[in-house]
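Letter 383 of the sequence shown, counting from 1, is numbered 383 in our numbering, and no numbers are missing. No residue lacks a Cβ here, since even glycine has one placed at the ideal position from N, Cα and C. Everything below concerns the one structure shown next.
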Amino acid sequence: MPETSEHAQLPVLIIGSVLEQDPSLSSATRDWAIACHWAVPILAALVGEPKWSRGHARADIDPLSAGRPMPPVKVLNGRSGAVENEIPGSGGHLRRFLRSRLRALIAGTSDDEEEGKLDIGFGKRLERLVYGEDGATVTAHFSDGTKDTGRLVVGADGAQSTVRGLLVAAAALRRLPFGATFVNASFKREKALWLRSFHPVLSTVLHPDNMVGMLGVLNAADPECPESWRFTFYISWRLTPEELEEDEKKCADSKNGGGTDDDNGKGEEQAGSGRRERRAARLRAAKERSKMFADPLRSCFEWLADDHEEVYYSRVTNWDPSLPEHGWDNHGGRVTLVGDAAHPMTYQRGQGLNHALADAGKLVELLAQQHDGASSQADLIHAYETEMRARAGEEVRQSEMNTAMLHDWPRVSQSPLLRQGLERGTGDEKKDTIPVAVAAAAAASPLSPATGAAEP
Ligand SMILES: Cc1cc2nc3c(=O)[nH]c(=O)nc-3n(C[C@H](O)[C@H](O)[C@H](O)COP(=O)(O)OP(=O)(O)OC[C@H]3O[C@@H](n4cnc5c(N)ncnc54)[C@H](O)[C@@H]3O)c2cc1C
1 MPETSEHAQL
11 PVLIIGSVLE
21 QDPSLSSATR
31 DWAIACHWAV
41 PILAALVGEP
51 KWSRGHARAD
61 IDPLSAGRPM
71 PPVKVLNGRS
81 GAVENEIPGS
91 GGHLRRFLRS
101 RLRALIAGTS
111 DDEEEGKLDI
121 GFGKRLERLV
131 YGEDGATVTA
141 HFSDGTKDTG
151 RLVVGADGAQ
161 STVRGLLVAA
171 AALRRLPFGA
181 TFVNASFKRE
191 KALWLRSFHP
201 VLSTVLHPDN
211 MVGMLGVLNA
221 ADPECPESWR
231 FTFYISWRLT
241 PEELEEDEKK
251 CADSKNGGGT
261 DDDNGKGEEQ
271 AGSGRRERRA
281 ARLRAAKERS
291 KMFADPLRSC
301 FEWLADDHEE
311 VYYSRVTNWD
321 PSLPEHGWDN
331 HGGRVTLVGD
341 AAHPMTYQRG
351 QGLNHALADA
361 GKLVELLAQQ
371 HDGASSQADL
381 IHAYETEMRA
391 RAGEEVRQSE
401 MNTAMLHDWP
411 RVSQSPLLRQ
421 GLERGTGDEK
431 KDTIPVAVAA
441 AAAASPLSPA
451 TGAAEP
């Protein structure tokens with residue numbers, strides 16, 4: 001089928017978003033908070049008025065912030081607990097969204113207005129793609145036996161993307177030598193208030209023994225009820241080659257047993273007692289590690305019951321779309337990847353969602369040109385992929401370097417997080433101005449970028 005007006009009527013099939021494998025938006029077992037900064041204006045434009053004005057404040061982790069930028073993230077010394085630095089947002093923006101609420105905002109279900117609601121197909125787990133012999137259509141087949149035909153499939157199906165697996169032989173995630181245990185929990189009123197006294201939203205913790213931690217608010221829906229606030233925190237550490245091998249074996253075993261350690265809780269129901277034992281062992285190890293930390297992380301772990309359920313072990317992984325072996329045939333512009341499907345990256349510099357939004361913004365901008373007939377869909381998708389591979393590939397590498405440096409105390413001050421904060425890209429032109437050390441004492445600390453104490 002040539003690119004006629006009939007072709008233009010065919011839908012764009014967005015896998016993992018408008019066609020979603022889960023039964024509903026609220027069915028995911030694990031939720032997380034996401035820092036959004038330089039991509040906030042892109043998000044606002046994509047959501048569009050009036051939906052953005054009506055609902056953006058409701059996507060925050062905390063209704064008290066009411067859509068305003070949050071204070072700069074604090075950087076604490078993990079051993080002493082001292083505040084050593086702070087990381088501002090980027091471009092004047094710093095929001096902390098709860099993933100489920102952000103999805104509700106985008107889907108238009110966060111309020112009662114009909115206008116702007118997306119018609120999401122739930123229970124649509126993509127299994128395979130078939131390309132039409134007309135050279136212009138693609139059919140997505142789902143596990144419930146149904147299928148949909150469109151002019152373009154956009155794989156927005158996350159880090160473990162099925163679409164990427166269909167397109168690229170070398171689609172497997174690359175495991176990096178770090179482990180992390182995340183916990184979500186609520187605490188009694190006084191404890192909850194005390195935890196928020198460190199920072200109302202988010203603190204990053206860098207430990208001289210080559211560990212990284214974080215304490216953040218996950219969901220503080222009711223400002224009057226501190227005991228209902230949900231916190232999220234983690235400790236991550238570097239693995240030796242032997243530990244990495246052992247860890248990969250453990251993760252593979254847990255997968256074979258039903259439910260991996262890092263599946264965001266989705267294997268919980270099937271996994272039964274095996275999973276509970278693994279979870280308890282992970283928590284014991286994290287509690288032991290936390291004894292090397294000052295507050296607030298030390299107390300957070302100490303207060304947890306030994307059988308606390310919301311414990312998530314995270315394998316640290318990435319995939320660089322700019323590598324030659326990661327190229328794919330987009331079948332004349334009929335299929336492409338966005339977000340974590342295209343460029344899963346490490347999370348310590350908080351860039352994944354921001355680049356996912358940049359992908360979506362670029363794709364929407366380019367596809368709008370299809371209507372004037374000047375460019376073919378093949379040319380437009382090629383243009384999108386060229387820009388995305390360079391931009392996001394750079395960030396995958398930059399974030400990996402950042403993760404390695406944050407777990408390597410002598411180099412911590414040279415890490416992208418401390419040298420350029422959350423700024424987009426490598427920030428070469430901005431290194432002299434970002435970020436700010438808050439205390440004079442910080443000048444002498446390895447956590448201060450001003451010291452230049454470490455080799456890059
Ligand atoms: C703990 C944590 C903290 C993070 N913090 C930050 C941060 O501070 N800042 C930041 O920018 N980024 C952060 N990130 C990264 C950010 O969450 C991701 O980059 C972002 O969510 C990617 O969005 P996505 O839509 O590409 O993928 P996802 O959010 O993973 O969504 C993929 C969707 O696809 C669906 N799906 C999967 N397979 C199929 C299939 N076969 N068929 C149909 N549907 C399917 C899934 O159910 C899911 O709904 C963090 C990530 C984690 C885990």
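| task | For my contact list, K327 and L380 are in at a C-beta cut-off of 8 angstroms; report their separation, rounded to the angstrom. | result | Position 327 of the sequence shown, counted from the first residue, corresponds to residue 327. Position 380 of the sequence shown, counted from the first residue, corresponds to residue 380. One point to set straight first is that residue 327 is Gly, not Lys, in the sequence displayed. The Cβ separation is near 18 angstroms, so there is no contact.
| message | Tell me whether P344, by its Cβ, gets closer than 8 angstroms to a heavy atom of ligand 1. | response | Within the sequence shown, numbered from 1, the residue matching residue 344 stands at position 344. A distance criterion of 8 angstroms places the beta-carbon of P344 in contact range of ligand 1, judged by its closest non-hydrogen atom.
| request: Determine the extent of the alpha helix (DSSP H) in which K147 is found, giving its start and end residues. | output: In the sequence shown, residue 147 corresponds to position 147, counting from 1. Not the alpha helix (DSSP H): K147 falls in the beta strand (DSSP E), residues K147 to G150.
| message | Beta-carbon within less than 8 angstroms of V138's beta-carbon, same chain only, minus the 5 sequence neighbours each way: which residues are those? | response | Here the question's residue 138 lines up with position 138 in the sequence shown. Cβ neighbours of V138 beyond the five flanking positions: L13, L129, V130, Y131, G132, T149, G150, R151, L152, V153, H331, R334 and V335.
| Coil, strand or helix - M214 by DSSP | On the sequence shown, position 214 is the one that residue 214 refers to. Reduced to three states, the DSSP call for M214 is strand.
| query | Is H407 helix, strand or coil when you go by DSSP? | reply | Position 407 of the sequence shown holds residue 407. For H407, the secondary structure class from DSSP, reduced to helix, strand or coil, is coil.
| task | Could you pull out every residue in the same chain whose Cβ sits closer than 8 angstroms to the Cβ of R284, ignoring the five residues on either side in sequence? | result | Within the sequence shown, numbered from 1, the residue matching residue 284 stands at position 284. Within the same chain, R284 has close Cβ partners D306.
| task | For the region 89 to 101 and the region 231 to 251, state whether three or more C-beta atom pairs, one from each stretch, are separated by less than 8 angstroms. | result | By the Cβ test, the region 89 to 101 is not in contact with the region 231 to 251, since fewer than three Cβ pairs between them sit closer than 8 angstroms.
| With 16 other Cβ atoms within 10 Å as the buried cut-off, status of C225 | Sequence index remark: in the sequence shown, residue 225 carries index 225 (1-based). Exposed.
| field | Same chain, Cβ closer than 7 angstroms to R125, neighbours up to 5 away in sequence not counted | value | For the purposes of this step, residue 125 is taken as residue 125 along the sequence shown, with counting starting at 1. Around R125, the same chain offers Q21, F142 and S143 as residues with beta carbons nearer than 7 angstroms, after the five sequence neighbours per side are excluded.
| query | By DSSP, does L206 sit in helix, in strand, or in coil? | reply | For the purposes of this step, residue 206 is taken as the residue at position 206 of the sequence shown. In the displayed model, L206 falls within a strand according to three-state DSSP.
| N318 beta carbon near ligand 1 (any heavy atom closer than 8 angstroms) | The sequence position of residue 318 within the sequence shown is 318, counting from 1. Answer for N318: no, Cβ out of range of ligand 1.
| Can you tell me where the beta strand (DSSP E) with P177 in it begins and where it stops? | The count along the sequence shown starts at 1 and reaches residue 177 at position 177. In this chain, the beta strand (DSSP E) harbouring P177 covers R174 to A185.
| query | Looking only at DSSP bridge pairs, what is K74 linked to? | reply | The count along the sequence shown starts at 1 and reaches residue 74 at position 74. DSSP lists E86 and S203 as the beta-bridge partner residues of K74.
| task | Under 7 angstroms Cβ to Cβ from R311, same chain only, skipping five residues before and after it: list those, please. | result | For the purposes of this step, residue 311 is taken as residue 311 along the sequence shown, with counting starting at 1. Before going on, a small fix: residue 311 reads as Val here, not Arg. These residues qualify, in order along the chain: T181, V183, R279, R282 and L283.
| request: With distances taken Cα to Cα, identify the nearest neighbour of V163 among A39, G155 and A170. | output: One-based indexing of the sequence shown puts residue 163 at position 163. The residue among A39, G155 and A170 with its C-alpha nearest the C-alpha of V163 is G155.
| message | Am I right that M292 and H207 are in contact with their C-beta atoms under 8 angstroms? What's the rounded C-beta distance? | response | Locating residue 292 in the sequence shown gives position 292, counting from the first residue. Locating residue 207 in the sequence shown gives position 207, counting from the first residue. The C-beta distance from M292 to H207 rounds to 7 angstroms, short enough to fall under 8 angstroms.
| Exposed unless 16 or more other CB atoms sit within 10 angstroms - verdict on K249 | Taking the first residue of the sequence shown as position 1, residue 249 is located at position 249. Under this definition K249 is an exposed residue.
| Roughly how many whole angstroms lie between the Cα atoms of A441 and A82? | Position 441 of the sequence shown, counting from 1, holds the residue named residue 441. Position 82 of the sequence shown, counting from 1, holds the residue named residue 82. Caution applies to A441, whose pLDDT of 31 falls short of 50 and renders its modelled position unreliable; the value that the coordinates give is listed next. Taken atom to atom, the span from the alpha-carbon of A441 to that of A82 is near 10 angstroms.
| According to the Cβ coordinates, are A57 and A104 closer than 9 angstroms? | Residue 57 sits at position 57 when you count from the first residue of the sequence shown. Residue 104 sits at position 104 when you count from the first residue of the sequence shown. No.
| query | Would the C-beta of Y347 count as close to ligand 1, meaning under 8 angstroms from any of its heavy atoms? | reply | Counted from its first residue, the sequence shown places residue 347 at position 347. Closer than 8 angstroms to some heavy atom of ligand 1: that describes the Cβ of Y347.
| message | Classify K287: buried if its beta carbon has 16 or more other beta carbons within 10 angstroms, exposed otherwise. | response | Within the sequence shown, residue 287 is the residue found at index 287, counting from 1. Label assigned to K287: buried.
| Hey, would you say S186 sits closer than 9 angstroms to F231, going by beta carbons? | Position 186 of the sequence shown, counting from 1, holds the residue named residue 186. Position 231 of the sequence shown, counting from 1, holds the residue named residue 231. In this structure, F231 lies closer than 9 angstroms to S186 by Cβ.
| request: Within the same chain, show all residues whose beta-carbon is closer than 7 angstroms to that of K122, passing over the 5 residues directly before and after it, in chain order. | output: The residue labelled residue 122 in the question sits at position 122 within the sequence shown. The identity of residue 122 in the sequence shown is Phe, whereas the question assumes Lys. A distance below 7 angstroms between beta-carbons, with the five flanking residues on each side excluded, links F122 to the following residues of its chain, in chain order: E20, D22, P23 and S24.
| message | Let me check understanding here. Comparing Cα to Cα, which of R298, Q9 and S399 lies closest to G319? | response | Here residue 319 corresponds to residue number 319 of the sequence shown, with the count starting at 1. Reading off the sequence shown, one finds Trp at residue 319, where the question assumed Gly. Answer by Cα proximity: S399.
| message | Quick check: does the Cβ of E385 come within less than 8 angstroms of any heavy atom belonging to ligand 1? | response | The count along the sequence shown starts at 1 and reaches residue 385 at position 385. Checking the Cβ of E385 against ligand 1 gives no.
| request: Mind checking which residues open and close the beta strand (DSSP E) that includes S314? | output: Stepping through the sequence shown from its first residue, residue 314 is reached at position 314. Note, S314: beta strand (DSSP E), V311 to N318.
| query | Going along the chain, which residues of its own chain have a beta-carbon closer than 7 angstroms to the beta-carbon of S322, five neighbours each way excluded? | reply | For the purposes of this step, residue 322 is identified with residue 322 of the sequence shown, where counting begins at 1. These residues qualify, in order along the chain: R389, A390 and G393.
| query | Within the present structure, is the beta-carbon of I235 separated from the nearest heavy atom of ligand 1 by less than 8 angstroms? | reply | For the purposes of this step, residue 235 is taken as residue 235 along the sequence shown, with counting starting at 1. No, ligand 1 has no heavy atom inside 8 angstroms of this Cβ.
| Residues bridged to F231 (per DSSP) | Numbered from its first residue, the sequence shown carries residue 231 at position 231. Beta-bridge pairing links F231 to A185 and V217.
| message | For V212 and Q9, I'd like the C-alpha separation in whole angstroms. | response | In the sequence shown, the residue the question calls residue 212 occupies position 212. In the sequence shown, the residue the question calls residue 9 occupies position 9. Distance from the CA of V212 to the CA of Q9, rounded to the nearest whole angstrom, comes to 50 angstroms.
| said: Can you tell me whether N354 sits near ligand 1, meaning its C-beta is under 8 angstroms from at least one heavy atom of the ligand? | reply: Within the sequence shown, residue 354 is the residue found at index 354, counting from 1. Here the distance from the Cβ of N354 to the nearest heavy atom of ligand 1 is below 8 angstroms.
| task | Please work out which residues of its chain come closer than 6 angstroms, Cβ to Cβ, to S17, disregarding the five sequence neighbours upstream and downstream, and give them in chain order. | result | Taking the sequence shown and counting its residues from 1, one reaches residue 17 at position 17. Answer for S17: A156, listed in chain order.
| Simplified DSSP assignment, three categories, for G155 | As a first step, residue 155 must be located in the sequence shown, where it is residue number 155. The answer is strand: DSSP assigns G155 an E or B state.
| field | Contact set for S110: own chain, Cβ-Cβ below 6 angstroms, skip 5 residues either direction | value | What you label residue 110 is simply residue 110 of the sequence shown in a count that begins at 1. The answer, listed in chain order, is G55, R58 and A104.
| query | Residues in its own chain within less than 6 angstroms of H403 by CB, not counting five upstream and five downstream? | reply | Taking the sequence shown and counting its residues from 1, one reaches residue 403 at position 403. His is not the amino acid found at residue 403; the sequence shown has Thr there. When the five nearest sequence neighbours on each side are left out, the beta carbons in the same chain lying within less than 6 angstroms of the beta carbon of T403 are those of T346 and Q348, in order along the chain.
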